[in-house]
Amino acid sequence: MRKFIVTLVLVAFSASILPAQNRTASFSADKMRERVKRLSADDFDGRGPLTQGGLRAAEYIAHELKAAGVQPGNKKSYFQNVKLVGVKANPNSMLEINGPKGSDKFKFAEDFVATTGAQTAGVSIDSEIVFAGYGIDAPLYNWNDYKGGAADYRGKVLMIMVNDPPATQDEPGLFGGKGLTYYGRWTYKFEEAARRGAAGVILIHTDESAGYGWNVVRTSNGSWRYEIAREKGDNTPFLNMKSWVTNGTATKIMRAAGLNLDELRAKAKRRDFQPVNTGVKVKLSLESELKVADSPNVVGIVKGSDSKLRKQYVVYSGHWDHLGIGEANAKGDKIYNGAYDNASGVATLLGIAEALAKMPEKERPKRSMLFLFPTAEEQGLLGAEYYSHHPLVPLDKTIANINIDGVNFFGPVKDFMPLGAERSTISKALDAAAKERNLTLETDQRPEQGFFFRSDHFPFAKVGVPAVSLQHGDYFIKPLTGEARDFSSTYTAKHYHQVSDEYHDWWDMSAMIQEAEFALLSSTLGS
Ligand SMILES: [Zn+2]
12 MRKFIVTLVL VAFSASILPA QNRTASFSAD KMRERVKRLS ADDFDGRGPL
62 TQGGLRAAEY IAHELKAAGV QPGNKKSYFQ NVKLVGVKAN PNSMLEINGP
112 KGSDKFKFAE DFVATTGAQT AGVSIDSEIV FAGYGIDAPL YNWNDYKGGA
162 ADYRGKVLMI MVNDPPATQD EPGLFGGKGL TYYGRWTYKF EEAARRGAAG
212 VILIHTDESA GYGWNVVRTS NGSWRYEIAR EKGDNTPFLN MKSWVTNGTA
262 TKIMRAAGLN LDELRAKAKR RDFQPVNTGV KVKLSLESEL KVADSPNVVG
312 IVKGSDSKLR KQYVVYSGHW DHLGIGEANA KGDKIYNGAY DNASGVATLL
362 GIAEALAKMP EKERPKRSML FLFPTAEEQG LLGAEYYSHH PLVPLDKTIA
412 NINIDGVNFF GPVKDFMPLG AERSTISKAL DAAAKERNLT LETDQRPEQG
462 FFFRSDHFPF AKVGVPAVSL QHGDYFIKPL TGEARDFSST YTAKHYHQVS
512 DEYHDWWDMS AMIQEAEFAL LSSTLGS
C-alpha cells in the first residue's frame with residue numbers, strides 16, 4: 012500500500028468575487044499574548060503528553076474554547092482521548108558491540124539513543140548488524156535496498172542511513188530530486204524494517220542529513236517516548252529497538268567489522284547496492300519505565316452560516332504538546348516550554364476560534380470550522396494520526412486541513428509559505444487570500460528537510476484530505492532589531508527542541524494576528 016504518496020485533487024475552492032473583509036480587528040493582541048504566555052509558562056512543565064502539566068495545558072485550552080463560546084467538538088466534550096504507551100529508557104543503558112575486528116561500548120545520550128516499540132518495560136537485543144544502505148524498497152523508483160528476501164532480515168538489527176538516495180546526473184528526478192520523499196523519513200525506515208521482520212534499527216545521524224545537530228536527537232529521544240497503544244488484534248509489525256547513533260558511533264561499529272562507513276555510504280547511493288552482513292553482534296538490554304494512559308486531543312467546533320455548506324468542515328490543527336521535562340541545560344533549566352513550538356500556534360488558533368464564535372452567525376463563513384489541538388505531535392504526530400482514523404466529523408466532508416506549527420512573532424511579513432499547497436487544489440484558496448492581502452506565497456525553501464512530513468497536516472494528507480502547514484516567510488516588512496533578529500536567525504541551531512524555546516515580552520503580537528487573519532481568510536475564500 013503506497014498510501015503515503017499524496018496526490019490530491021478534488022474540492023472546488025474558488026475565490027469569491029467580493030473583496031474579503033479584513034478581520035484584523037476581531038483579534039485581541041492582549042488575549043493573544045496572555046494565552047501564549049500562559050501556555051508556555053513553567054507550571055505547564057513543558058506540556059509533555061501523559062504528564063500533569065500537559066493535562067493542565069489541555070484543560071486550559073478547553074476552558075478557553077468554552078469561554079469564547081466555541082462548541083465542544085466531541086459530542087458534549089472538548090476532549091478526544093488517545094491511549095498512549097510511554098517508555099523511558101534507562102539512561103545508564105549501554106550499547107555493546109562485538110565484531111571480527113574489535114569490540115566497543117557506547118553511552119546512552121552521548122553516543123546513541125534507543126527506545127523500544129514493543130510497548131513493554133524490558134527488551135534485550137542480541138543480534139547481528141546488517142548494513143542496509145538507505146533501507147528503502149520503492150518500486151516506483153525501481154529501488155530496493157532489501158535484496159535477498161525477507162528471511163535475511165528477520166531478527167537482525169539494520170543499520171540505515173536517513174534521507175533519500177541523491178538524484179544523479181542521469182536521473183535528476185530520482186526520489187523527487189532535491190525534495191525529500193517519504194522514503195527518506197526516519198518513520199518510513201522504521202516501518203519498512205519492521206515489515207521485514209527486523210528486531211531493530213540503528214539510524215545514522217549526521218548534522219547535514221538531519222538539518223539539525225545531535226543535541227536535537229538527544230533531547231527529542233532521550234526521555235519519554237510515546238506511541239499509540241496497540242489495540243487487541245492489531246498485527247502491525249514493530250521493532251524491539253529503535254535507535255539513533257552519532258556518526259562517530261556508526262564509524263566505530265563499522266570499524267569493528269573491518270569496514271569503512273564512508274565506502275559503504277558511497278555504495279549505498281547506487282541501485283546495485285547489496286546489503287552487507289557485518290558480522291558484528293550488538294547487545295543492548297533496554298530497561299524502560301512504562302506508562303499507559305489517555306492523553307486528550309482538544310477539539311471545538313464553530314458552525315458555518317450556510318444551512319447546506321455547514322455540513323462541510325475546514326479543520327484547523329495545532330499541537331498543544333511539547334517535550335515536557337528533560338535534560339537540563341548549563342543553567343539548570345530542564346523545562347522544555349515550547350513557546351514557538353507550539354504555544355504560539357495554539358494561541359493563534361484560539362484567537363481564530365474566538366473571532367469566529369463571537370461573530371454574528373450570518374457573518375460567519377459558510378462552512379463549519381473544527382479546531383483540533385492534537386496531543387503527542389512531537390512523538391510522531393500521534394494525536395493527529397489517531398484523529399485521522401477516528402475522525403469526529405466525516406472525512407469526506409472535511410474539505411481542508413490548515414495546520415499551524417510555529418507562528419511568527421518577530422514582526423509582520425510580506426510572505427507566507429504554505430507547505431504542501433501545491434499538492435492539492437487548496438492552493439487556489441491560499442493564492443486568493445494572498446492576493447487580497449498583497450502577500451507573496453513562497454514554495455518550500457528547504458524541500459530536502461521534508462517539512463511536509465513533519466507536522467500534523469501529514470496524517471490528514473495520508474487519508475486524502477487536502478492539507479497544508481502554514482509557515483510564515485522571513486521577508487519582514489520592517490527590519491528586525493535586537494532580540495527578534497537573534498532569535499530568528501539562531502532558532503534551528505540554538506532553540507529548536509531546546510529549553511530556550513521560551514516566551515519573551517518582545518514578541519510582536521501584530522505578527523501573530525497577521526498570520527491568524529491570513530489563516531482565517533484562506534479558509535473562507537471559496538465559501
Ligand atoms: Zn511543533
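With my numbering as the guide, the letters of the sequence shown map in order to residues 12 to 538.
In this text, a Cβ means the ideal position worked out from N, Cα and C, and glycines have one as well.
These numbers were taken from a predicted model, which means no experiment stands behind them.
In chain order, what residues of the same chain lie with their CB nearer than 6 Å to the CB of residue i, ignoring the 5 residues before and after it?
i: A73; result: Y89, V309
i: Y327; result: L360, F382, I413
i: V141; result: K167, L169, P286, N288
i: D317; result: K377
i: W518; result: F420
i: S533; result: A440, L441, A444
i: T262; result: L272
Measure the C-alpha to C-alpha separation of residue i and residue j and round it to an integer number of angstroms.
i: A504; j: R67; result: 30 Å
i: W333; j: V96; result: Per the sequence shown, the amino acid found at residue 333 is His instead of Trp. Going by the C-alpha atoms only, they are around 16 Å apart.
i: P150; j: G475; result: 22 Å
i: F471; j: G259; result: 37 Å
i: T289; j: W154; result: 22 Å
i: A368; j: G159; result: 59 Å
i: G113; j: D156; result: 27 Å
i: W197; j: R206; result: 14 Å
i: V293; j: I136; result: 7 Å
i: V325; j: I215; result: 39 Å
i: G208; j: A129; result: 13 Å
i: F427; j: E107; result: 48 Å
i: T179; j: E494; result: 42 Å
i: I239; j: L250; result: 14 Å
i: N71; j: L393; result: Rather than Asn, the amino acid found at residue 71 in this sequence is Tyr. If you take the alpha carbons of Y71 and L393, they lie about 21 Å apart.
i: R229; j: Q509; result: 10 Å
i: L185; j: H468; result: 25 Å
Suppose contacts are defined by Cβ-Cβ distances below 8 Å. Is residue i in contact with residue j by that definition?
i: G417; j: G337; result: no
i: G484; j: E528; result: no
i: S254; j: A125; result: yes
i: L301; j: A40; result: no
i: V303; j: K118; result: no
i: A210; j: G110; result: no
i: T175; j: Y145; result: It should be noted that the sequence gives Asp, not Thr, for residue 175. Result yes, Cβ atoms of D175 and Y145 sit closer than 8 Å.
i: L531; j: A279; result: no
i: I213; j: V256; result: yes
i: G311; j: G65; result: no
i: G190; j: E372; result: no
Can you say whether residue i is buried or exposed, counting buried as having 16 or more other CB atoms within 10 angstroms of its CB?
i: S466; result: buried
i: G343; result: exposed
i: P376; result: buried
i: R165; result: exposed
i: E121; result: exposed
i: E389; result: buried
i: I488; result: exposed
i: E75; result: buried
i: H330; result: buried
i: A486; result: The residue asked about is misnamed: residue 486 is Tyr in this sequence, not Ala. Classification for Y486: exposed.
i: N33; result: exposed
i: H515; result: exposed
i: P477; result: buried
i: S500; result: exposed
i: D352; result: buried
If you drop the 5 nearest sequence neighbours on each side, which residues of the same chain put their C-beta closer than 7 Å to that of residue i?
i: Y199; result: Y193
i: G349; result: S51, G57, R58, H333, L334, D512
i: E433; result: T454
i: S399; result: P470, F471, K473, V474
i: D305; result: N92, V93, K94
i: L275; result: F142, M265, V287
i: L430; result: D455, F462, F463, V479, S480, Q482
Quick one: what's got a C-beta closer than 8 Å to residue i's C-beta in the same chain, skipping five residues either side?
i: G362; result: F38, S39, K42, M43, R46, M523, I524, A527
i: H401; result: Q91
i: Q323; result: G315, R378, S379, K408, T409, I410
i: D218; result: G224, W225
i: E298; result: A100, N101, S104, A132, G133
Mind pulling the alpha helix (DSSP H) runs of 4 or more residues that sit fully within the stretch 184-236? Qualifying alpha helix (DSSP H) stretches, in chain order: 197-206, 218-221, 225-232.
In chain order, what are the residue ranges of uninterrupted beta strand (DSSP E) at least 3 long that sit wholly in the stretch 233-260? The qualifying runs are 235-239, 252-256.
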